[in-house]
Amino acid sequence: MTAYLVRRVAALVPVLVVVVTVAFLLIHLIPGDPVSVMLGPDATPAQIHAARQALGLDRPLWEQLLKFYTRILRGDLGQSYFLDRPVTQALLERAEPTLVLTFSALLVAVVIGVPSGIVAAAQPGSLWDRALMLAALLGVCVPGFWLSLNFIYLFAVRLGWLPAAGYASILVDPLAALRYMVLPAVSLGFSQSALIARISRSCMLEVLAQDYIRTARAKGLSPAAVTWMHAFRNALVPVVTVIGITMAILIGGAVVTEIVFNIPGLGRLIISAVLRRDYPVVQGVILVTATAYVLINLVVDMLYVLIDPRIGYE
Amino acid sequence: MSPGRFRRSSVAFVALLAFVSSAALAQTPRRGGVLRVGNLGEPPALDAHWTTASITETLTNHLYEGLYSLDASNRPIPMLAESHTVSRDGLTYTFKLRQSVKFHNGKEMTSEDVVASLARWSKQSIYGKALFAQVADWRAVDRYTVEMRLKEKSAIVLISLAVPNNFGAIYPKEIAEKFPPEVKVTEYVGTGPFKLAEWKPDQYIRMVRFDEYKSRAEKPNGYGGGKTAWVDEIRWIPVPEVATRVAQVETGELEFADDLNLDAYDRLQTNPNVRTIVSKPYYWLVAVFNKKDGLMTNAKLRQAWQAAIDIEPIMKNVAGGRAEFYRMDSSLAPVEIAAWHTKLAGLPWNEHNRDKARRLLKEAGYRGEPIRFMTTQEYKWMYDFALLTKQQLEDVGFTIDLQVVDWATLVKRRNNPKEYDVFTTGMGAFYDPTHHIYLTASWPGWTTDEDILRLQAELARETDPRKRMALWEAQTRQFYEKVPVIRYGDLFGLRAMRTVVKGFNERTERIRFYNVWLDK
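Those protein sequence lines, which keep their order, are chains A and B.
Residue 115 in the working numbering sits at position 115 of the first sequence; the count goes up by one each step and never skips.
Residue 509 in the working numbering sits at position 509 of the second sequence; the count goes up by one each step and never skips.
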């Protein structure tokens with residue numbers, strides 16, 4: 001088992017090398033450069049050239065890539081062109097909002113999705129089943145952007161119950177943090193809950209068709225006991241996978257939600273960095289996101305062992 | 001008078017008194033409060049010398065000041081300068097500086113700070129470079145006097161020192177010398193009414209009142225005159241999504257929101273706590289031709305484009321159908337820049353004469369080759385006017401290859417004459433004829449017409465205002481004959497402000513929050 005773990009962590013390295021190299025090449029090869037953006041549209045070619053030299057952007061691409069690798073190995077992600085600070089600092093400043101949003105949205109998604117799926121599966125074909133799966137379908141189809149803006153219009157502008165946008169740190173002012181997080185977490189969570197609901201339902205249906213469930217019922221166990229004590233845990237493995245994937249997607253930055261609700265997280269950072277051609281930041285965010293993605297997958301795989309003792313790795 | 005009448009009239013009198021005094025009280029500025037302003041995004045720098053970005057312009061004009069500023073009619077007036085004299089031959093300008101003006105770090109501003117700051121500005125800023133191309137010597141004479149000696153007579157000394165964009169901000173000498181011109185300053189010390197308290201990128205920029213600010217004695221006048229920081233703090237909050245900016249000014253989470261979409265106008269009008277502001281000027285729309293390489297080097301093709309387009313329906317569409325948000329004008333300087341606004345008749349602007357256009361196309365020898373027209377959706381109005389132009393031109397016989405890219409790509413590509421034929425952009429306010437960048441050989445598009453360049457050079461030297469205006473009118477006629485760019489109409493912008501915000505000057509091109517107070 002330990003050997004398996006070590007192998008999995010070691011496999012992280014080639015994945016990251018490929019991801020980071022591709023990201024570097026892509027962002028450098030698309031037209032536009034950070035200097036023209038920062039100096040303003042009326043900068044002269046001479047000014048642009050001088051600024052590019054100061055930033056090392058006039059060096060050949062392979063040289064810049066090599067410099068980038070040597071810096072990463074030292075743990076230095078470089079300096080943001082636009083923000084005048086180390087990339088690591090920019091990322092750390094943005095990590096908390098994205099993590100808080102991710103976990104809140106994930107909580108909402110799981111709390112809505114899993115019970116919906118289970119209840120739907122418990123009475124397949126019923127009104128409940130149809131209604132819940134229709135809601136799940138809406139969650140998949142309705143654009144998150146549209147939902148977010150409508151939430152803002154209803155709950156903030158018309159009713160005045162919640163703020164329209166913004167962010168407060170949970171460490172500084174937990175009550176304000178909660179108020180700011182409600183609308184983004186719910187609109188994002190609702191969209192993500194759809195997949196979880198549908199997968200939960202399918203898995204439960206499969207498990208509920210098993211012989212041992214029939215035995216449990218025959219023994220006289222209540223429907224609740226059958227569903228929650230016996231069926232649920234066995235249905236969990238694929239559901240946990242989907243929850244893990246959802247979390248990884250959210251960590252990458254729920255970009256649209258962060259922009260609409262003005263949350264200063266990683267998603268917003270990477271979009272502005274791409275538009276501004278702030279290369280070090282783009283590379284840094286991709287590196288961090290790719291690492292997080294791979295590690296989450298690893299954790300999910302480890303969780304399987306806990307949930308289902310029949311699963312083991314060697 | 002009967003007792004009843006006496007009572008009624010005294011009640012009326014007291015009511016009148018109360019009304020008048022509360023109205024007067026409402027106009028009395030009060031100190032205090034935090035003014036939250038929602039804008040488009042992060043500034044690339046808070047170094048006024050370094051970039052022409054308009055967000056930097058707005059922010060830096062609260063922290064720093066220059067020797068001159070602009071009055072309500074956009075003419076230069078002294079700011080950090082007390083006065084100036086010009087030698088008989090017009091070649092030496094001597095500026096007397098105001099005394100006891102403090103920087104945010106407590107140091108007094110003197111001539112050595114002015115010399116160092118403007119020397120740095122002269123190497124990086126487009127306006128600094130243009131002015132100092134004519135300067136032979138720039139030095140401090142004594143503690144409060146600086147002297148500029150010119151190589152030739154110049155018309156642009158004061159105006160260059162007065163423009164708010166990419167301006168000659170006065171920094172302490174130590175900071176001006178520490179940061180080379182091509183490297184942004186990262187220490188922010190100025191003489192302005194606000195000083196920088198905190199900058200958290202993508203979250204907010206906090207500016208607080210500078211208690212030792214020395215205001216000029218005059219009343220506020222345009223961007224200049226007396227400035228008072230009534231509010232304790234201005235909090236600039238980047239809100240990239242425009243719908244969110246609108247929502248936040250409606251809920252009161254922001255006291256001011258800038259750069260709003262015109263569709264929000266009707267909705268905001270119905271809100272009793274919000275005042276809408278039509279900002280003029282905003283941008284005037286242009287299509288810039290590549291005159292160095294490719295199809296549009298042919299003057300007749302450019303003239304054909306100019307003859308073909310029907311500008312009013314385009315402007316109306318871009319302005320969301322609202323007459324309040326556009327203006328048809330052929331003058332190259334908008335009405336608000338009174339000194340340079342022209343009213344010339346007989347210009348081939350907005351002729352929408354298809355026959356003339358077709359004739360010119362034929363004379364140009366155009367055989368239907370696709371013309372690469374570059375635009376972006378990041379500024380919706382650019383995309384809209386490009387699309388409508390394409391339709392109109394294709395009706396007349398042009399073949400337009402519309403290429404939609406992001407802004408960063410557009411800005412990069414337009415420097416390369418092989419990559420496009422025409423691109424869209426918006427021009428802001430140019431306070432002097434010599435500042436019209438599209439009439440220069442180095443700006444994208446590369447205007448190299450001899451007559452135009454000659455007139456620009458004369459405009460830089462001619463100091464008599466009447467002769468200058470005559471030159472400018474001649475230049476305007478040249479513009480419409482040689483067609484370096486196509487001038488559409490003037491587009492206005494939308495801003496929104498909570499009604500508790502008082503004292504805001506609605507007539508300046510960009511927003512300023514000195515002399516503004518919160519009535520709550």
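Using N, Cα and C, we set each Cβ at its ideal position, and we do this for glycine too.
Fair warning: this is a prediction, and the values are worked out from it, not measured in the lab.
In this structure, how does DSSP classify residue i when only helix, strand and coil are distinguished?
| i | result |
| --- | --- |
| residue 2/A | helix |
| residue 422/B | strand |
| residue 49/A | helix |
| residue 84/A | coil |
| residue 429/B | coil |
| residue 84/B | strand |
| residue 288/B | strand |
| residue 132/B | helix |
| residue 133/A | helix |
| residue 311/A | coil |
| residue 267/B | helix |
| residue 244/A | helix |
| residue 359/B | helix |
Hey, quick one: how far does the alpha helix (DSSP H) through residue i stretch, first residue to last?
| i | result |
| --- | --- |
| residue 300/B | 299-308 |
| residue 93/B | Looking at the DSSP string, residue 93/B is not in any alpha helix (DSSP H); the run it does join, the beta strand (DSSP E), is 92-97. |
| residue 390/B | 380-396 |
| residue 317/B | 311-318 |
| residue 62/B | 54-63 |
| residue 472/B | 465-482 |
| residue 378/A | Because chain A is modelled from 1 through 314, residue 378/A falls outside the range shown and cannot be assessed. |
| residue 157/A | Segment: none, residue 157/A is in no alpha helix (DSSP H) and carries neither H nor E. |
| residue 238/B | Taken as a continuous stretch (DSSP letters only), residue 238/B belongs to no alpha helix (DSSP H), being part of the beta strand (DSSP E) at 233-238. |
| residue 458/B | 450-461 |
At the level of alpha carbons, what is the spacing between residue i and residue j?
| i | j | result |
| --- | --- | --- |
| residue 37/A | residue 276/A | 6 Å |
| residue 342/B | residue 238/B | 37 Å |
| residue 433/B | residue 472/B | 7 Å |
| residue 59/A | residue 84/A | 21 Å |
| residue 452/B | residue 475/B | 6 Å |
| residue 140/A | residue 100/A | 23 Å |
| residue 319/B | residue 425/B | 16 Å |
| residue 337/A | residue 254/A | Because chain A in this structure spans residues 1 to 314, residue 337/A falls outside the shown range and cannot be described. |
| residue 516/B | residue 208/B | 13 Å |
| residue 284/B | residue 428/B | 7 Å |
| residue 126/A | residue 22/A | 49 Å |
| residue 357/B | residue 405/B | 29 Å |
In the DSSP assignment, the beta strand (DSSP E) including residue i goes from what residue to what residue?
| i | result |
| --- | --- |
| residue 227/A | Segment: none, residue 227/A is in no beta strand (DSSP E) and carries neither H nor E. |
| residue 78/B | 76-78 |
| residue 403/B | 400-405 |
| residue 373/B | 371-376 |
| residue 486/B | 485-498 |
| residue 38/B | 34-39 |
| residue 295/B | Where residue 295/B is concerned, there is no enclosing beta strand (DSSP E), given that its DSSP letter is neither H nor E. |
Between residue i and the rest of its own chain, which residues show a CB-CB distance below 7 Å, the 5 nearest in sequence each way excluded?
| i | result |
| --- | --- |
| residue 58/B | 510, 511 |
| residue 280/B | 336, 492 |
| residue 214/B | 100, 101, 102 |
If you drop the 5 nearest sequence neighbours on each side, which residues of the same chain put their C-beta closer than 6 Å to that of residue i?
| i | result |
| --- | --- |
| residue 260/A | 148 |
| residue 82/A | 276, 278 |
| residue 176/B | 116, 117, 120 |
| residue 136/A | 194, 197, 198 |
Would residue i and residue j be called neighbours here (beta carbons separated by less than 8 Å)?
| i | j | result |
| --- | --- | --- |
| residue 155/B | residue 32/A | no |
| residue 196/A | residue 246/A | yes |
| residue 114/B | residue 170/B | yes |
| residue 8/A | residue 298/A | yes |
| residue 38/B | residue 232/B | no |
| residue 64/B | residue 157/B | no |
| residue 210/B | residue 229/B | yes |
| residue 250/A | residue 94/A | no |
| residue 265/B | residue 354/B | no |
| residue 122/A | residue 132/A | no |
| residue 288/B | residue 422/B | yes |
Could you list which residues in chain C have their beta carbon closer than 9 Å to that of residue i, in chain order?
| i | result |
| --- | --- |
| residue 247/B | No chain C is present in this structure, whose protein chains are A and B. |
Excluding the 5 residues preceding and the 5 following residue i in the sequence, name in chain order all residues of the same chain whose CB lies nearer than 8 Å to its CB.
| i | result |
| --- | --- |
| residue 312/A | 1, 305 |
| residue 157/A | 164 |
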